[in-house]
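A.B. asks: If you use my numbering, the sequence shown corresponds to residues 6 to 260, in order.
Every residue gets a Cβ at the ideal spot worked out from N, C-alpha and C, and that includes glycine.
First the structure, then my questions, so here it is.
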Amino acid sequence: MATNVTHSLRLAVQFLTRLPVAGCPVADGRALGYSLLWYPAVGLLIAAIVTVTAVLSLAVLPTMIAATLTLIVWVAVTGALHLDGLGDCADAWVGAHGREEPREATLKILKDPRCGVMAVVAITLALLLKFSLIITMIGHDLLAHLWLAPVLSRTMVLSLFLVTRYVNAHGLGAELADQLPRHHATKVFAASWLATLIFVPVALWLLLAVTSALILFGLRHLTLARLGGFTGDGAGALIEIQELAIMLSIVAYWL
6 MATNVTHSLR
16 LAVQFLTRLP
26 VAGCPVADGR
36 ALGYSLLWYP
46 AVGLLIAAIV
56 TVTAVLSLAV
66 LPTMIAATLT
76 LIVWVAVTGA
86 LHLDGLGDCA
96 DAWVGAHGRE
106 EPREATLKIL
116 KDPRCGVMAV
126 VAITLALLLK
136 FSLIITMIGH
146 DLLAHLWLAP
156 VLSRTMVLSL
166 FLVTRYVNAH
176 GLGAELADQL
186 PRHHATKVFA
196 ASWLATLIFV
206 PVALWLLLAV
216 TSALILFGLR
226 HLTLARLGGF
236 TGDGAGALIE
246 IQELAIMLSI
256 VAYWL
């Protein structure tokens, strides 16, 4: 049992980050499904790395440079995986708009490895907003709340797998969804949000919960209307958008 738990955790780290994972775990079906349960924990690991980077940088560098290094580490530790999903979705949704068969056109663009104008625009704007939010949080002593963004955004991806079908029946995401232990996933989702309530004011918790839910179901509606389900790129885009919305909510609440 302990081996299975460790295996699924290593898979989650391998999928969501570019951190070295000893032994390069094999992605068997059951472990794949259980790896989703570790997404909030991996978010906490990412948060720890990003926050430590910010604190250490601020100790020796000006705020602007410290914020830049923090953003660089944030992108590097995830391998820009979720930014890639955001860019692909921006290209696909805009590029397929108005087509006679928007679903097929969207899926075709999502598979295209080339980066279009809308991808560049979406990624650039997302990075600019995250950079300005990091600077604002540093300037107003809100770094202690930075961990909420990586943790809750990946918690919401877990819920996406719970409430939305995966488009490609033969893709890795489909195997993740099929093997996901839904009862345990529901518990992990609830536990993650309840644990958050211990560390933040109730009003902020409610703001974060409502904002995250609105974004989840808003994006879910868009993907269901266009594709009949979600894709891996959609999950990555959700993480990026949720992170930005959570950071915005924190700043808005305290300022």
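Based on the DSSP secondary-structure assignment, which residues constitute the bridge partners of Y171?
C.D. replies: F235
A.B. asks: Just the C-alpha distance for L282 and M142, rounded to the nearest angstrom, thanks.
C.D. replies: Summary: the structure shown does not reach residue 282, with the chain confined to residues 6 through 260, and so no result is reported for it.
A.B. asks: Is the separation between the beta-carbon of A36 and that of S13 shorter than 8 Å?
C.D. replies: yes
A.B. asks: By the three-class DSSP mapping on this structure, what secondary structure does I244 have?
C.D. replies: helix
A.B. asks: How would you write the range of the alpha helix (DSSP H) that H2 sits in, first residue to last?
C.D. replies: Nothing can be reported for residue 2, as the shown portion of the chain is limited to 6 through 260.
A.B. asks: How is the alpha helix (DSSP H) around L181 delimited, first residue to last?
C.D. replies: L177 to Q184
A.B. asks: Report all residues from its chain with a CB closer than 7 Å to the CB of H145; omit the five preceding and five following residues, and keep chain order.
C.D. replies: W259 and L260
A.B. asks: Give the range of the alpha helix (DSSP H) segment to which E109 is assigned.
C.D. replies: P107 to K116
A.B. asks: Taking Cβ to Cβ, would you say Y39 is nearer than 8 Å to L163?
C.D. replies: Not a contact, by the Cβ cut-off of 8 Å.
A.B. asks: By DSSP, does P67 sit in helix, in strand, or in coil?
C.D. replies: DSSP places P67 in the coil class of the three-state scheme, outside both helix and strand.
A.B. asks: In its own chain, which residues sit with a C-beta less than 6 Å from the C-beta of L112, not counting the 5 before and 5 after it?
C.D. replies: none
A.B. asks: According to the Cβ coordinates, are E172 and G233 closer than 8 Å?
C.D. replies: The amino acid at residue 172 is misidentified as Glu; the sequence shows Val. Yes, the pair counts as a contact, with Cβ atoms nearer than the cut-off.
A.B. asks: Return the chain-ordered list of same chain residues with a C-beta closer than 7 Å to the C-beta of A241, the five sequence neighbours on each side being excluded.
C.D. replies: The displayed chain sequence assigns Gly, not Ala, to residue 241. Excluding residues within five positions, the ones whose Cβ falls inside 7 Å are L86, H87, D89, G90 and L91.
A.B. asks: Measure the beta-carbon distance from L138 to L253 and round it to whole angstroms, keeping in mind my assumption that it falls under 8 Å.
C.D. replies: 7 Å
A.B. asks: Whole angstroms is fine: what's the gap from D96's alpha carbon to I114's?
C.D. replies: 7 Å
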